[in-house]
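Numbered per the numbering used here, the sequence shown spans residues 38 to 762.
To keep things clear, I will list the structure first and then write my remarks on it.
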Amino acid sequence: MPTSLPRRLVGFLARVPLVSNALEIATGLGQSPLGRIVGALWHVAVTHVAPAWAGGPTPPQDPLAAALGDHAPAGAPRWFTAEEIGSDGAPGARVPLPTIDARRDPPALQRLKALQLIRYSAFQCDHVPALMQLGTMSLFNSHGFRRNLPTAMAAFERAAAHGDSTAQRYVGLLSATGLGTPGAQRDYARAIVYLSFAAVGGDTASQQALGYYHLTGIGVEKECNEASWHYARVAERAVDAFLDGPPTGRHLPSERVKLTTWSGGPYGWDASGPGNPRLSAYGNGVLGSKDILQFYRMQAEEGNALYEFQLGLALYWGMHNVTRNYLGAAKYFKRAAQRWDPNLSAEQSALSRSQIASAHATGYLGWMYWRGEGVAENVSTARSWFELGLERRDSRSMNGIAHMLDRGLGGLPADSERAFSLWSEAASRENTDAQAQLGVKLWQRGQFQQAAAWFAKAAQHDHPLALLYLGNMHRAGQGLPENCQMSIAFHKRVAELVDWAIDQPMHAAQEALRRGDLGTALVHYLFAGELGYESAQLNAAWILDQQWPIRSAEWRALAHVWDQTALALWNRAANQGNTDGRVKTGDYYYYGRGTGLRPPHGTLRGDTVAHAVAVAEKAAAAAAAPSVPTASWRSRLHWRSWPITPPVLQPVGEPDYERAAVYYRVAAETEHSSIGMWNLGYMYEHGLGVPTDYHLAHRMYGMALLTNPEAYLPIYMSLVALNLR
C-alpha cells in the first residue's frame, strides 16, 4: 500500500459507493469491526499492483471509475474472478466487485455482498482486520453467516502470518480441539507453537492455555515452575482488569453455569453424591428466587427494616433468574437506613436485627454513591453516608472511609494510620475487602505471616487481590512455605474467576445458549476447556455425550470423534476434582466409547483400515439419523435399569474394564460417590476388570446405601440378586 496519497483523494473516496455502502451495511449489521474493511477497500482502490488480466478497457458501470473519475489510480483492478470474492459465477469468470444498495437490496443480499467484500479484502488484499472479521464470523456463526470451520482456519492462519496474536491464539485453539484440522484430529504440537507466539505477543488467553498445558502435561512435559510462571502473569493481568473500574474493583462475574445441573447432574437428582431430597425439591413446594423476592417485598412494604435491607441486597447482587436492579436497591436501602432508632443504646442496637440492618444499609448507600450504581456518582454524598454508618459501627462504612483516608479522597486529608486502624476493625467484623486491604498494608510493612492470615480469610470469599497475593507468597516463599502447586492453585483460581482480560469465554458460551445457538456455545466451551476451565470441560463433554442436535454439516462430519473428545474432557474435569467426571470417564472405558476402534472377531490385521473406514461411515450415518434415546437416571427405578450409563451411539471401541474399575474405585473410595460405589460393586459381582468377589461387591453396595439412602430401592434389588448367587 502506498505510504502517501493525494489529499484530495480522501474526499473523493468518501463518495465511492463501494466504500460508503460497505460502511453503511457494516453499521446496519452491528459489526463495528467491519468498518475497518474500509482500509482494505482503500487498498483495492489505490493499489498499484494490478492482475495481468486487468489491463483491458474499464466497463462503464465500474463503481470505482464512476465515483473517482480521473482521480482513480491507473491500473486499479475493477473486475475479479468469481473465486476471489466467493461469488457463484462460473470458475474463472470475471465479475465486478459488488455494490451494496441499502435501499433496494434485501437484507439477505446485503449480507451476501458484504461477505464478498470482506472475502476479497481478506484473501486478496491480506487485510488483517478483514481476515479477523471473516474468521470470527465463520467460527462463531455470527451476524447471520453460517459457520464454516475451514474458512475460519484459513482466515486466522493468514492473519497469524502477519503477527496478529489473537489470530495465532485461534489457530492454536482450533488445532488443539481438532476443529480446524483434517479428520478433526487434535494437533497439540502445532497448537503449542501458535499459542507460544501469541503469548509472546501479549495474548493473555494463550498464556493461560500454556499454563494449563504445563500443569497437566498436555502436549508438553509437566513442569510446575513453567506453569506457575504463566499463571502468575495471567493472574496479575486479571487483577489489573478487576481494579480497572469503580472504587475497590468491579463486581465479580456471575457464577458459571454447569449444564448438567439442568438435569440434576449427569446421572439425575441425588444419584451421584450422598443424596439430598432438597436438591430435587424445586418445583415440589420449595420457593424459587422470584417467590422469595416477592415475600421480601411484601414484608418490606409493611415497614420492616430487616426485609427492606434484605430486598435491597437481593436487588443489588441479583439472584437466580433475578437480574440486578441498582435503582430499586437504592430505594430500599434508603428506607432501611431511615429506620435507625437513635434512642437505643449501643448494646441494644448491637442486639437488634432491625438496627443492624439499618446500619448495613447506610454502608451500601455510601458504596453506591461512590461507585455511581443506581444513583449519580457523588463522592461527597458517599462520604456522608459512610460517616453516618461509621457512627453506627457498620463495617462496610469503615472500609469506605479507610479507602478515602488512604488516598485522600472525598475532602478527607490522607491519613494512612487511621485508615489502617479502620481496616483492622472492619476486618475483625468480617468485611472481606477490608481483610484484603489490611493484608496488603501488612505485606507492605514486611509482616508477611500476619498478612497471609488476613489474605486467607479474604480468599475464602474469592477476593481477587487476596488470591493473587497468596499465590505470589507461595511462589516466592514469602511468609508461607514455598509451594509451586499451591501458588498455581491460587493464581489459577483468580485467573478463571476474573476473566475480563480474556474476553470471558464462559459468558460468551452462556450468551450463545440463551440465543439458542448450541454450536457456538460448544465452540466457546471447547476453547475455554483448553484454557483449563473445569466447568467448560464439563459442559462441552455433556453436550457431546448427549449428542444434542447441532444444525451444521461441519458438526455432523465430526461425529466420529465426539466420543474421543468427550472422554478427554470428562477425564480433565475429573482431574480437577469433578466426581461425576470421574465416574463418566469410567463409563466411557466400560463401554469402549472414545477408546479407539475395535475390529470384529476374526478380522485380520490387514483389514483393520477398511474396518475403521466402515465404522466411521456408520458413526457418521448414525449421527445424522435420530439418535437412540439415553436412559434416564432421574428416578430411583431407572438407576437399576442400566448398570452403567448407556452410550447413545453403538460402541466402536474396545471396552477396558480394568481402567473403568480404577476410575470407579477412585470415585468411590476417595470422592465418596455413591454411584461409583455401586458401579464398582457391580464389577466385583460380575468379575469385570477385577476378580469376582461377592464379599467386596456386598461391601460396595452397602457403602452406596449408607452414602445415599435415597437410592435404597435399586441397591436392595442389587443385594437381593447378589444373595441369590
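Yeah, the Cβ is synthetic: ideal placement off N, Cα and C, and Gly gets one too.
None of the values given here were measured: they were computed from a predicted structure.
So, at 6 Å on beta carbons, what are the nonlocal neighbours of residue i in its own chain, with the 5 sequence-adjacent residues on each side left out?
i	result
ARG372	GLU345
HIS528	TYR268, ALA269, ALA272, GLY508
ARG195	LEU168
TYR506	PHE492
LEU232	GLY209, SER243, ALA246, LEU247
PRO542	HIS561, PHE564, ALA565
ALA189	GLY172, SER175, LEU176
SER755	TYR738
Just to check my reading of the structure: residue i and residue j have Cβ atoms closer than 8 Å, yes? What is that Cβ distance to the nearest angstrom?
i	j	result
ARG609	GLY690	No, ARG609 and GLY690 are not in contact; Cβ-Cβ is about 19 Å, not under 8 Å.
TYR721	VAL620	Actually they are not in contact, since the Cβ atoms of TYR721 and VAL620 sit about 16 Å apart, beyond 8 Å.
TRP585	ALA278	Contact doesn't hold; Cβ gap of about 33 Å is too wide.
ASP624	ALA603	ASP624 to ALA603, Cβ: 10 Å. No contact.
VAL27	ALA367	The chain is shown from 38 up to 762; residue 27 falls before or after that span and cannot be answered.
For residue i, I'd like the list of residues in its chain whose CB is within less than 7 Å of its CB, leaving aside the five on either flank, ordered along the chain.
i	result
ALA342	ALA373, ARG376, SER391, ALA394, SER395
ALA235	SER202, GLN205, ARG206, GLY209, SER243
ARG530	LEU504
ARG430	ALA396
When you compare only the Cα positions, how much space is there between residue i and residue j?
i	j	result
ASN362	TRP599	42 Å
GLY516	ALA419	37 Å
ARG227	ARG141	47 Å
ALA456	PRO283	19 Å
THR707	PRO144	58 Å
MET714	MET740	7 Å
ALA698	PRO187	40 Å
ALA351	GLU548	23 Å
PHE182	ILE155	12 Å
LEU425	THR399	7 Å
ALA513	SER524	9 Å
THR757	ALA705	The residue you asked about is not Thr; residue 757 is Val in the sequence shown. Cα to Cα, the separation comes out at about 21 Å.
ASN615	LEU575	8 Å
PRO314	GLU747	Note that PRO314 has pLDDT 46, beneath the 50 cutoff, so the model's placement of it is unreliable and the number below is only indicative. Distance between the alpha carbons of PRO314 and GLU747: 8 Å.
GLY476	THR298	37 Å
LEU489	GLN522	Strictly speaking, residue 489 in this sequence is Ala, with Leu absent from that position. Distance between the alpha carbons of ALA489 and GLN522: 17 Å.
TRP480	LEU568	31 Å
SER672	LEU296	Residue placement at SER672 is poorly supported in this model, since its pLDDT is 32, which falls under 50; the coordinates still yield a value, given next. If I take the Cα positions, the gap works out to 19 Å.
TYR626	LEU725	12 Å
ARG433	HIS251	41 Å
ARG184	GLN170	13 Å
GLY239	GLY200	11 Å
Where does residue i fall in DSSP's three states?
i	result
VAL271	helix
VAL165	helix
VAL257	coil
VAL359	strand
LEU595	coil
ILE137	coil
ARG762	coil
ALA451	coil
ASN468	coil
LYS478	helix
LYS494	helix
ASN576	helix
GLN331	helix
SER377	In the sequence under discussion, the amino acid at residue 377 is Trp, which differs from the Ser named in the question. TRP377 falls in the coil class under three-state DSSP.
PHE182	coil
TRP407	helix
VAL416	helix
HIS528	helix
TYR304	coil
TYR570	coil
SER755	helix
Report yes if the CB atom of residue i is closer than 8 Å to the CB atom of residue j, and no otherwise.
i	j	result
ASP617	GLY302	yes
GLY172	ALA192	yes
MET737	LEU717	yes
PRO692	TYR628	yes
GLY556	TRP592	yes
TRP460	GLY437	no
THR241	ILE580	no
ALA558	ALA546	yes
ALA337	LEU330	no
ALA275	PRO450	no
GLN572	ARG293	It is Ser, not Gln, that sits at residue 572 in the sequence shown. Result yes, Cβ atoms of SER572 and ARG293 sit closer than 8 Å.
LEU289	LEU534	yes
Closest Cβ-Cβ distance between residue i and chain B: below 8 Å?
i	result
ARG148	Looking at the structure shown, chain B is missing, and only one protein chain is on hand.
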